[in-house]
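K.L.:
One point on numbering: in full-length UniProt numbering, the residue at position 80 of the sequence shown is 80, and numbering is uninterrupted.
C-beta atoms are modelled at their ideal positions from N, C-alpha and C, and glycine is treated no differently.
Here it is, the structure in full.
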Amino acid sequence: MEISTKGRYGLKAIVNIGVYSSLENVTKKSISEREDISEKYLEQILSALRKNGLVNSKKGPQGGYTLARNSSEITVGDILRALEGELQVVNLEEYDDSNIMELCLKKNVWNKLNKEINNLVDSITLEELVQEYKAYKNPGYMYYI
């Protein structure tokens, strides 16, 4: 399993919205400039995030993007699934359960690995990423867990 450019850029974009939405209207242009992502590609990403209920958009001179929910309620898993679809190392639907070897691998390796990956990305919140970014950007900023 490899996270695509869309998934990686989507994480950057939504963290950017989480960091800056309290300070300014987070426009597609501002994200594009800060993260070096083309506006055209960013439009596709933001559209998918909006359709999946992760960001809101407002048009007009005071427009821009905001988070649709509190950053502590959005996980990396939510974001990646919105952009990538189901996260899995192996597509288990392709396995033949009548083949004993495939059944053994599916049960003892692939099911467990898929579950652990999803548990991991579901355990990381957008709030954690926002706070970590702020801590790196402002070395005097203290973040306690």
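Tell me which residues share the same chain as isoleucine 37 and place their Cβ nearer than 6 Å to its Cβ, disregarding the 5 neighbours each side in the sequence.
P.N.:
In the sequence shown, counting from the first residue as 1, residue 37 sits at position 37. Within the same chain, isoleucine 37 has close Cβ partners Tyr9.
K.L.:
Buried or exposed: which applies to valine 22, given that a residue is buried once 16 or more other Cβ atoms fall within 10 Å of its Cβ?
P.N.:
On the sequence shown, residue 22 is found 22 positions in, with the first residue counted as 1. Strictly speaking, residue 22 in this sequence is serine, with valine absent from that position. Classification for serine 22: exposed.
K.L.:
Is valine 19 near lysine 134, with beta carbons less than 8 Å apart?
P.N.:
In the sequence shown, residue 19 corresponds to position 19, counting from 1. In the sequence shown, residue 134 corresponds to position 134, counting from 1. Result yes, Cβ atoms of valine 19 and lysine 134 sit closer than 8 Å.
K.L.:
Evaluate tyrosine 136 with the Cβ neighbour count: other Cβ atoms within 10 Å of its Cβ, from every protein chain shown; 16 or more gives buried, anything less gives exposed.
P.N.:
Here residue 136 corresponds to residue number 136 of the sequence shown, with the count starting at 1. Exposed.
K.L.:
Mind pulling the alpha helix (DSSP H) runs of 4 or more residues that sit fully within the region 65-136?
P.N.:
Taking only runs of at least 4 residues, the alpha helix (DSSP H) segments lying wholly in the region 65-136 are 76-84, 100-105, 111-123.
K.L.:
When we look at the beta-carbon of glycine 64 and count the other beta-carbons within 10 Å, is it buried (16 or more) or exposed?
P.N.:
Translated into positions along the sequence shown, residue 64 becomes position 64. It counts as buried.
K.L.:
Which residues bound the beta strand (DSSP E) around lysine 58?
P.N.:
Along the sequence shown, read from residue 1 onward, the residue named residue 58 stands at position 58. Here the beta strand (DSSP E) through lysine 58 covers 55-58.
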